[in-house]
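Presented below is the structure to which this report refers.
There are 2 protein chains.
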Amino acid sequence: MATPESPFDVEDVRARVSLTLSEYVELQLPTLREISSDVVVLHELLTAFTTGGKRLRAVLAWWGWRAAGGADDQAMIRAATSLELLQACALIHDDVMDGSDTRRGAPSIHRSLEALHEDSQWRGSAENFGLAGAILLGDLCLSWSDQLLFESGLPAVALIRTKPIFDVTRTELMAGQYLDVVEQARADIDSDRALLVARYKSAKYTVERPLHIGASLAGAPPNLIATLSAYGLPLGEAFQLRDDVLGVFGDPQTTGKPAGDDLREGKQTYLIASAFQRASAAQWEQLNAGLGDPDLTADDVDRLRDIIIETGAFAETEKRIETGTNEALDALGSSNLANGAGEVLSALAIAATKRST
Amino acid sequence: MATPESPFDVEDVRARVSLTLSEYVELQLPTLREISSDVVVLHELLTAFTTGGKRLRAVLAWWGWRAAGGADDQAMIRAATSLELLQACALIHDDVMDGSDTRRGAPSIHRSLEALHEDSQWRGSAENFGLAGAILLGDLCLSWSDQLLFESGLPAVALIRTKPIFDVTRTELMAGQYLDVVEQARADIDSDRALLVARYKSAKYTVERPLHIGASLAGAPPNLIATLSAYGLPLGEAFQLRDDVLGVFGDPQTTGKPAGDDLREGKQTYLIASAFQRASAAQWEQLNAGLGDPDLTADDVDRLRDIIIETGAFAETEKRIETGTNEALDALGSSNLANGAGEVLSALAIAATKRST
Numbered sequence: 002m003a004t005p006e007s008p009f010d011v012e013d014v015r016a017r018v019s020l021t022l023s024e025y026v027e028l029q030l031p032t033l034r035e036i037s038s039d040v041v042v043l044h045e046l047l048t049a050f051t052t053g054g055k056r057l058r059a060v061l062a063w064w065g066w067r068a069a070g071g072a073d074d075q076a077m078i079r080a081a082t083s084l085e086l087l088q089a090c091a092l093i094h095d096d097v098m099d100g101s102d103t104r105r106g107a108p109s110i111h112r113s114l115e116a117l118h119e120d121s122q123w124r125g126s127a128e129n130f131g132l133a134g135a136i137l138l139g140d141l142c143l144s145w146s147d148q149l150l151f152e153s154g155l156p157a158v159a160l161i162r163t164k165p166i167f168d169v170t171r172t173e174l175m176a177g178q179y180l181d182v183v184e185q186a187r188a189d190i191d192s193d194r195a196l197l198v199a200r201y202k203s204a205k206y207t208v209e210r211p212l213h214i215g216a217s218l219a220g221a222p223p224n225l226i227a228t229l230s231a232y233g234l235p236l237g238e239a240f241q242l243r244d245d246v247l248g249v250f251g252d253p254q255t256t257g258k259p260a261g262d263d264l265r266e267g268k269q270t271y272l273i274a275s276a277f278q279r280a281s282a283a284q285w286e287q288l289n290a291g292l293g294d295p296d297l298t299a300d301d302v303d304r305l306r307d308i309i310i311e312t313g314a315f316a317e318t319e320k321r322i323e324t325g326t327n328e329a330l331d332a333l334g335s336s337n338l339a340n341g342a343g344e345v346l347s348a349l350a351i352a353a354t355k356r357s358t
Numbered sequence: 002m003a004t005p006e007s008p009f010d011v012e013d014v015r016a017r018v019s020l021t022l023s024e025y026v027e028l029q030l031p032t033l034r035e036i037s038s039d040v041v042v043l044h045e046l047l048t049a050f051t052t053g054g055k056r057l058r059a060v061l062a063w064w065g066w067r068a069a070g071g072a073d074d075q076a077m078i079r080a081a082t083s084l085e086l087l088q089a090c091a092l093i094h095d096d097v098m099d100g101s102d103t104r105r106g107a108p109s110i111h112r113s114l115e116a117l118h119e120d121s122q123w124r125g126s127a128e129n130f131g132l133a134g135a136i137l138l139g140d141l142c143l144s145w146s147d148q149l150l151f152e153s154g155l156p157a158v159a160l161i162r163t164k165p166i167f168d169v170t171r172t173e174l175m176a177g178q179y180l181d182v183v184e185q186a187r188a189d190i191d192s193d194r195a196l197l198v199a200r201y202k203s204a205k206y207t208v209e210r211p212l213h214i215g216a217s218l219a220g221a222p223p224n225l226i227a228t229l230s231a232y233g234l235p236l237g238e239a240f241q242l243r244d245d246v247l248g249v250f251g252d253p254q255t256t257g258k259p260a261g262d263d264l265r266e267g268k269q270t271y272l273i274a275s276a277f278q279r280a281s282a283a284q285w286e287q288l289n290a291g292l293g294d295p296d297l298t299a300d301d302v303d304r305l306r307d308i309i310i311e312t313g314a315f316a317e318t319e320k321r322i323e324t325g326t327n328e329a330l331d332a333l334g335s336s337n338l339a340n341g342a343g344e345v346l347s348a349l350a351i352a353a354t355k356r357s358t
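In order, the protein sequences belong to chains R and V. First residue of the first sequence? That's 2 in the numbering used here, and the numbers climb one at a time after it. First residue of the second sequence? That's 2 in the numbering used here, and the numbers climb one at a time after it.
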């Protein structure tokens, strides 16, 4: 979609954020090298780890800034990029918590460090070494995140004004992650609680708060902050539900994950919770028996998918995605955002929630 | 030791920091409760976790501030307390990395959460749940640390000026921790590398940087910053070496740990590295066979202690502690710190490095 500011649309912002992120990670190298050459490996791992990703949070922070009238400014690109370091911490720690072997097709950080321990023929448990190193690299990313925000070059008054929003973003992220861990551990499954997790882990952390951070840095008035919430919260929920649908019905070629991955993992998503709540006794038994079984065959996955469709959970979730997306678009429709931000945010909402199955 | 400012000496500062810390942790409760009642348990665990501790980093930040002429100011107590939240993160994550069951006689955070999982009869691995919750609570503490610094009430210009020192403190802490993990994993042991770990984990993180943070908040000139380094670095190393000596020779009634705990753990400290480097072939074999054996008897511990004394490693380490402490005292002697800070810092150096065996 063409906008008057085509050089600064989503793809270009993504590219600028990626470049800024790799430059900033590079900038930490002398500090680490001065401490010890043994620490440099953390830098190498992080450089590889941060090459991928959609930069969604940074892009939204940028467009929150633009929506509030902010100029094209490399300092704001740097401030937006701070969210990608927060996200790197979340992913590195998440992989430790889930015991994930891979991230975007490459070994996860803790597995890479495990391999370093083995290759070096060091003492003790390689697994513990990987765990410890990944916790510490995540902690470094979390520290470097607000460090980058404050080194962005934006005026001190803007940073001081925005710090409380940045702070609540981190608290909501970590509390939301904890809520998710509790939810996955519970014996029962509940669609309202699944929506609460989606609200904190996705709607607020991924969409609403990044928009707020950008807007606040540009000095947005309260009514613009409210508009961005009215757009961001329903859209963020829709993002998460789309992700949940793709986790069950997505094409492996598009998602990069095995077909029906969420079913094998037994992930407690809204889609699954809704299926359980709508299931007949026989359907409930089949869902319950299959969910979380890592050895499900392709036929088993198909059968579970059929049940999720037959219960009406699939249609209901799709309806909810559509409603959320429309709410988000309506919030933009009645506003008048600066710099063509309304058009970009509309296009982004449609692209990120559209059916791909 | 009486100083002109007796109401604000070390013990009083410690008490004010402890009160401020518990009030600030309490202040996070509404935010957590609004997210979900399921998250409140993290607050309860942190409240219990943060009741103990010597508040050394906060006390030193306070006296760095006082040394630079800072007035008695509750805002500075809050800023100093931010370091105790950083320390809470370090301890919570450290206990996860070490798999420690206890911290100051109570269950560690990950073990408490493991027990919650078991008591709630949740699904999956209780151990993984404890690990995940403790990683996230540590992340919350790390976030709340700079949050408290910026909510301290100190002027924005002082905060912005000091943020880079706070940032480097965090990087040195985490890189130092990683270095320690690598050191414990290496097959060989080396006294220079042990001193490097002590420099980053203790001398800089625990002593020099807290003093710098306080002094910078008060607007200290470069020569005062240099004096605080000349005091803090040798003293911080001496602190760590005293800790290492206590870990081998300390009285369980004073240290709160079993006698010879570091020997059973096989900790690679300067004292132990020095013993290996000075050992005869026969002594080396005995050290190597005993170190890291969790089943050492009291007699075994006594025998290893004798070897450490016989090699001269004990005397050499004591000498190094004395030299470091004297260097620190000399640095103060030639300076003229405000608010009687020189006397307080001298007393603190002597108290924290004195022989207790």
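No residue lacks a Cβ here, since even glycine has one placed at the ideal position from N, Cα and C. From a predicted model like this one, the values you see are computed outputs, not experimental measurements.
Minimum Cβ-Cβ distance from residue i to chain V less than 9 Å
i: R/Q178; result: yes
i: R/Q241; result: no
i: R/T21; result: no
i: R/V40; result: yes
i: R/G100; result: yes
i: R/P8; result: Confidence at R/P8 is low in this model, with a pLDDT of 38, below 50, so its placement is unreliable and the value that follows should be read with caution. Not one chain V Cβ lies under 9 Å of R/P8.
i: R/V183; result: yes
i: R/L234; result: no
i: R/I1; result: A query on residue 1 of chain R cannot be resolved here, the shown segment of chain R reaching from 2 to 358 and no further.
i: R/N340; result: no
Interface residues of chain V facing residue i [CB-CB closer than 7 Å]
i: R/M77; result: Under the 7 Å cutoff, chain V gives no residues; its nearest Cβ is about 18 Å from R/M77.
i: R/H359; result: The requested residue 359 of chain R does not occur in the structure, where chain R is confined to residues 2 to 358.
i: R/I110; result: Here the premise fails: no neighbours, minimum Cβ distance about 12 Å.
i: R/L43; result: Y179
Element boundaries [alpha helix (DSSP H), containing residue i]
i: R/I166; result: 157 to 186
i: R/V246; result: 223 to 250
i: V/T82; result: 75 to 99
i: V/Q122; result: Here V/Q122 belongs to no alpha helix (DSSP H), and DSSP marks it neither H nor E.
i: R/R306; result: 299 to 311
i: R/N327; result: 314 to 334
i: V/V208; result: First-last for V/V208: undefined, no H or E at that position.
i: R/D193; result: 192 to 199
i: R/Q287; result: 282 to 291
i: V/L272; result: 271 to 279
i: R/L264; result: 262 to 266
i: V/G65; result: 57 to 68
i: R/A339; result: Premise fails: R/A339 is in no alpha helix (DSSP H) and is neither H nor E.
i: R/T256; result: 253 to 256
Under 9 Å from the C-beta of residue i: neighbouring residues of chain V
i: R/T172; result: Q29, T32, L33, I36, L141, S144, W145, Q148
Interface flag, residue i vs chain R, CB-CB below 9 Å
i: V/G125; result: yes
i: V/N129; result: yes
i: V/S121; result: yes
i: V/M157; result: One detail in the question is off: residue 157 of chain V reads as Ala in this sequence, not Met. It does; some Cβ of chain R falls within 9 Å.
i: V/L288; result: no
i: V/A133; result: yes
i: V/L264; result: no
i: V/K268; result: no
i: V/K164; result: yes
Within chain R, partners of residue i - CB distance below 9 Å
i: V/D168; result: S144, W145, D147, Q148, F151, E152
Chain-ordered neighbours of residue i on chain R, where CB pairs are closer than 7 Å
i: V/H118; result: A186
Neighbour list for residue i in chain B, Cβ cutoff strictly below 7 Å
i: R/V97; result: No chain B is present in this structure, whose protein chains are R and V.
Residues, ordered as in the chain, of the segment 187 to 206 of chain R that lie near chain V by beta-carbon distance below 8 Å: R187, A188, L197, Y201
4-residue-minimum alpha helix (DSSP H) runs that sit fully inside the segment 16 to 42 of chain R, ordered along the chain: Runs found: 30 to 36.
Chain R contacts from the segment 296 to 315 of chain V (Cβ-Cβ distance under 7 Å): none
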